[in-house]
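S.K.: Following this message is one structure expressed as structure tokens.
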Amino acid sequence: MSAQMQSTPETLPAFCEGIQYFADSFPEIDRLGAAPLLGPRQPALPDASGEASIYQTLLAADALRYLTLQVTGSKSSGHPGGFASSADAVAALHLLGHRNMVTEVGHHAPGFYSAMFLDTSLEDMGIHTVAEMRARFRERHGLLGHLSGAIPGLLAPAGPLGQGQHFALAGAYLHRDKLFPVTIGDGGLGEPYIMSAFQHFATAYPDVTNYLPVLVWNGYSQEHHSMVSLWSNAQMVAYWRAHGFDEVHLIDAREFGGADAPVYADSTTFDFKARMAFTGAVLAAADAAARSALSGRRACLIVKQLKGAGVHATGAKSHNLYAHHTLDSDDVKGGLVRRALPIKAWTLVRENFRHAGGGPAAKVAVTENVRVLPSLDGIALTEFAVGENHIPTTAFGHVVGEVGKRDPHFVVTNADGNEASGMANINKALTIRHPTADDLYFQGPSGQVYEPLNEDACAGLAVGVALFGGRSLWCSYESFAINGLPIWQTVTQAMAELRRPTPATVCLFTAGALEQGRNGWTHQRPEIESYFAAMMRNGNVYPLFPVDANMIQASYDWALKQTNKGIVITASKSPLPIHATLAQSRQAIEEGAMVLKETKGSHTVVFAVTGDMVLQPVFAAAEKLAEAGIGSRIVAVVNPRRLYRPSDVLWDSVSEPDGRFMGDDAFRDMFHGDVLIGVTGGPSAPLEPVLLRSQASQRDVFCWKRGETTANPQQLFDFNGMNAQAMHERALAMLERAAA
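Per numbering that gives the first Met the number 0, the sequence shown starts with residue 0, numbered consecutively.
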């Protein structure tokens with residue numbers, strides 16, 4: 000076939016504006032492409048083995064490849080190669096009616112956008128033509144370089160590798176009647192922790208099988224061969240079977256390319272008959288794998304095909320476009336010409352995509368509507384009397400148990416064990432999900448507590464459930480949670496962009512550094528709090544530091560009512576004094592802080608404190624100052640995001656914006672004094688909003704430096720220079736400087 004420049008406007012469908020090249024013809028188009036197979040009453044290919052079905056899937060794959068190269072080439076930027084080798088499988092699954100597709104590979108974004116363009120989903124963001132798609136690719140308020148959940152029809156973000164499987168698993172968990180395919184690149188297959196996540200989930204939820212990994216085995220990573228490029232087909236099949244998959248459907252393009260085909264073959268270079276045979280095999284395998292996954296068997300689909308199949312280059316050289324890859328460069332132009340389709344083919348492909356699965360993904364994907372949740376009205380909190388000692392995490396666990404009883408899809412994840420964090424009551428109320436039933440450990444096959452020893456798997460399922468519209472809770476030690484934070488950060492950023500409200504993703508990080516002395520520095524890494532402190536400026540991230548068992552309940556109660564936020568509650572598992580009533584706690588969370596104790600004197604030393612156990616040396620220091628006639632005010636910084644100035648935070652740039660900040664007058668009333676000392680059992684970063692706004696002439700900070708093996712928290716306070724004596728002496732020195 001030959002290609003020509005754009006046809007006359009009279010014969011060109013409006014959506015095709017911006018397509019540069021059209022073919023004069025395509026083999027068998029009059030016979031096999033006479034009419035689209037999908038329509039208003041036909042949401043999927045009627046016969047996956049039919050010749051016309053195979054043919055129209057082939058056209059769809061070529062259309063996806065063409066658009067991917069056209070769009071990336073228009074900006075000399077983006078990643079066409081990886082998606083190109085997956086186009087056949089993606090096209091097959093869409094035309095089989097499976098529209099809830101996610102990916103582990105952010106670099107496949109332009110291909111996913113192309114699918115959303117073809118089914119008209121992108122019209123919801125004002126993109127009606129290829130020209131408009133070209134103009135808005137990699138532009139703000141347009142089609143981001145990596146997948147965003149803000150794009151109509153796309154279920155989840157993708158950027159960091161090794162995350163997409165969590166979204167597929169979460170979707171399958173919440174929607175048992177839908178299939179959730181997830182494409183995975185062999186270049187990223189070794190990322191933590193794709194395969195172990197599948198295996199953990201399969202063990203815990205053997206009845207949930209409606210997810211379908213689609214491995215794009217193309218032999219290359221971003222800039223070199225993939226680490227599995229030398230594996231045999233038998234090795235790859237064995238690898239997936241070893242991770243819990245009952246069926247492995249592997250289609251190798253080499254088997255259709257003739258005797259001289261290389262190990263990694265490009266099906267787009269085959270003659271028409273061989274192309275049809277390869278596409279037919281992919282379509283049949285996709286259909287069989289999907290049917291198995293939806294009927295109780297864990298299945299995966301593997302398409303082995305050369306990276307860059309059908310675009311401007313092959314191998315790792317096809318991965319990325321650079322400045323010299325323009326629409327006029329020989330390689331890009333040549334790729335577009337080779338993939339050019341007749342106008343009739345574009346019209347057919349458009350109609351098939353538009354009706355696949357019952358309509359545009361922007362209308363039928365499960366994440367396009369707000370998920371109805373069971374009511375939590377009337378859940379009672381336990382009010383403890385001020386002055387009593389109670390364990391914050393245990394009080395929290397009681398509320399968690401009540402949430403799970405109300406909401407059967409609510410899931411709690413914890414890699415290190417709830418019981419070790421003083422929350423055995425969660426396990427008792429909701430049961431650890433485990434194939435071995437054992438009442439001694441509160442475990443059984445139908446529990447709501449997911450406990451793989453893998454923080455990535457814990458965080459991944461929890462945040463995936465929240466993103467897809469369900470309630471979840473991720474619990475961890477703050478020292479270990481760092482292994483799950485990448486996907487938590489990805490999802491909180493996605494929530495900032497979402498076009499719909501969804502429950503906040505909530506975490507509880509317990510067993511703080513001060514409680515872990517005997518375990519040494521390996522269990523004493525509160526630096527994670529700096530991570531959340533930096534994220535506060537995003538606009539939708541809220542670290543909470545409740546001071547006691549009342550306030551932690553109020554914190555969780557508040558979190559359950561929030562949408563599109565990332566909320567982190569940090570608390571202790573030791574018995575600690577009650578400082579605030581429930582009413583005071585709720586007010587502190589809303590306003591950002593509360594005064595715990597004020598003592599009048601000749602001067603005023605303000606202690607701004609995040610945390611609970613660290614209050615002990617602060618109260619002791621205040622008593623020492625009072626003995627010298629010096630006043631103090633101890634302020635609990637509970638919700639530091641509220642203490643920033645509005646201009647410090649991109650709060651108005653996010654969906655579901657929350658613009659509440661403490662006003663200047665209230666801030667002065669709470670934090671004004673002769674000197675201000677920030678105190679935290681972790682890093683100083685969460686105190687930044689206080690330090691930015693304080694007008695005290697002298698300001699200082701007591702914070703965590705590093706861990707050490709100690710017998711008790713006091714020894715850690717001493718080691719880090721954070722004891723009462725040090726605070727007392729520092730306050731006196733600061734007052735002396737202020738008076739000078």
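C-beta atoms are modelled at their ideal positions from N, C-alpha and C, and glycine is treated no differently. Remember, it's a predicted structure, so these values are computed and weren't measured experimentally.
Would you say the region 483-495 touches the region 560-571, given that touching needs at least three Cβ pairs under 8 Å?
M.R.: Short answer: they touch.
S.K.: Which two residues bound the contiguous alpha helix (DSSP H) that contains residue 351?
M.R.: Segment 342-354, the alpha helix (DSSP H) holding residue 351.
S.K.: In the DSSP assignment, what residue or residues form a beta bridge with residue 431?
M.R.: According to DSSP, residue 431 bridges with 442, 448.
S.K.: Select from 175, 104, 112 the residue whose C-alpha is nearest the C-alpha of residue 215.
M.R.: Out of 175, 104, 112, 104 has the C-alpha closest to the C-alpha of residue 215.
S.K.: What residue does the alpha helix (DSSP H) around residue 383 start on, and which one ends it?
M.R.: Premise fails: residue 383 is in no alpha helix (DSSP H) and is neither H nor E.
S.K.: Alpha carbon to alpha carbon, how far is residue 42 from residue 352? Give it in angstroms, no decimals.
M.R.: So the two alpha carbons sit approximately 9 Å from each other.
S.K.: Would you mind stating whether residue 441 and residue 475 have Cβ atoms separated by less than 8 Å?
M.R.: Going by C-beta atoms, residue 441 is not nearer than 8 Å to residue 475.
S.K.: Taking the alpha helix (DSSP H) that residue 55 falls in, what are its first and last residues?
M.R.: Note, residue 55: alpha helix (DSSP H), 50-74.
S.K.: Can you name the residues that DSSP bridges to residue 566?
M.R.: 505, 541, per the DSSP bridge assignment.
S.K.: Is residue 166 buried or exposed, if buried means 16 or more other CB atoms sit within 10 Å of its CB?
M.R.: By the neighbour-count rule (16 or more Cβ atoms within 10 Å), residue 166 is buried.
S.K.: State the DSSP-derived secondary structure class of residue 596, mapped to helix, strand or coil.
M.R.: Note: residue 596 maps to strand in three-state DSSP.
S.K.: Rounding to the nearest angstrom, what Cα-Cα distance links residue 559 and residue 502 in this structure?
M.R.: So the alpha carbons of these two residues sit roughly 7 Å apart.
S.K.: Just the C-alpha distance for residue 659 and residue 531, rounded to the nearest angstrom, thanks.
M.R.: Cα-Cα distance, rounded: 19 Å.
S.K.: Applying the criterion that 16 or more other CB atoms from any shown protein chain within 10 Å of the CB defines a buried residue, is residue 445 buried or exposed?
M.R.: It counts as exposed.
S.K.: Looking only at DSSP bridge pairs, what is residue 299 linked to?
M.R.: Residue 299 pairs with 247.
S.K.: So does the region 141-151 actually touch the region 169-186, counting three or more Cβ pairs closer than 8 Å?
M.R.: Touching, no, given that fewer than three Cβ pairs across the two stretches are closer than 8 Å.
S.K.: In this structure, how does DSSP classify residue 709 when only helix, strand and coil are distinguished?
M.R.: Note: residue 709 maps to coil in three-state DSSP.
S.K.: Would you tell me roughly how many angstroms separate the C-alpha atoms of residue 5 and residue 25, rounded to the nearest one?
M.R.: Caution is warranted here: a pLDDT of 45 is assigned to residue 5, below 50, making its placement in the model unreliable, and no coordinate value can be reported.
S.K.: Once the 5 residues before and after residue 76 are set aside, which same chain residues still bring their CB inside 7 Å of it?
M.R.: The answer, listed in chain order, is 137, 320.
S.K.: Between residue 588 and residue 634, is the Cβ-Cβ spacing less than 8 Å?
M.R.: It is not a contact, given that the beta carbons lie outside the stated cut-off.
S.K.: According to DSSP, is residue 643 helix, strand or coil?
M.R.: The answer is coil: DSSP assigns residue 643 none of H, G, I, E or B.
S.K.: How is the alpha helix (DSSP H) around residue 586 delimited, first residue to last?
M.R.: 581-590 is the extent of the alpha helix (DSSP H) around residue 586.
S.K.: Where does residue 173 sit, in a helix, a strand or coil, going by DSSP?
M.R.: Helix.
S.K.: Quick check on the DSSP output: the beta strand (DSSP E) that includes residue 608 runs from which residue to which?
M.R.: Unbroken beta strand (DSSP E) run through residue 608: 603-609.
S.K.: Return the chain-ordered list of same chain residues with a C-beta closer than 7 Å to the C-beta of residue 135, the five sequence neighbours on each side being excluded.
M.R.: Once the five neighbours on either side are set aside, the close Cβ partners of residue 135 are 126, 141, 142.
S.K.: How is residue 633 classed by DSSP in three states: helix, strand or coil?
M.R.: In this structure, residue 633 counts as strand in the three-state DSSP scheme.
S.K.: I need the boundaries of the alpha helix (DSSP H) containing residue 210, first residue and last residue.
M.R.: Run containing residue 210: none in the alpha helix (DSSP H); it sits in the beta strand (DSSP E), 210-216.
S.K.: At the level of alpha carbons, what is the spacing between residue 645 and residue 651?
M.R.: The alpha-carbon atoms of residue 645 and residue 651 are separated by roughly 9 Å.
S.K.: My parser needs the alpha helix (DSSP H) runs of 4 or more residues fully inside the region 355-408; what are they?
M.R.: Fully enclosed alpha helix (DSSP H) runs of 4 or longer: 360-363, 391-405.
S.K.: Helix or strand or just coil, what does DSSP make of residue 650?
M.R.: DSSP places residue 650 in helix when its eight states are reduced to three.
S.K.: Using three-state DSSP, classify residue 657 as helix, strand or coil.
M.R.: If DSSP states are grouped into helix, strand and coil, residue 657 belongs with coil.
S.K.: Using the beta-carbon count (16 or more within 10 Å), is residue 226 buried or exposed?
M.R.: Exposed.
S.K.: Which residues in the same chain have their Cβ closer than 8 Å to the Cβ of residue 705, if we skip the five residues on either side of it in sequence?
M.R.: 520, 523, 719.
S.K.: Whole angstroms is fine: what's the gap from residue 746's alpha carbon to residue 685's?
M.R.: The structure shown does not extend to residue 746, since the chain is modelled only from 0 to 739, so the question has no answer here.
S.K.: Assign residue 738 to one of three DSSP states: helix, strand, or coil.
M.R.: Helix, per DSSP.
S.K.: Starting from the C-beta of residue 52, find all residues in its chain whose C-beta is less than 8 Å away, skip the five residues before and the five after it, and write them out in chain order.
M.R.: Hits under 8 Å: 36, 44, 45, 46, 94, 282.
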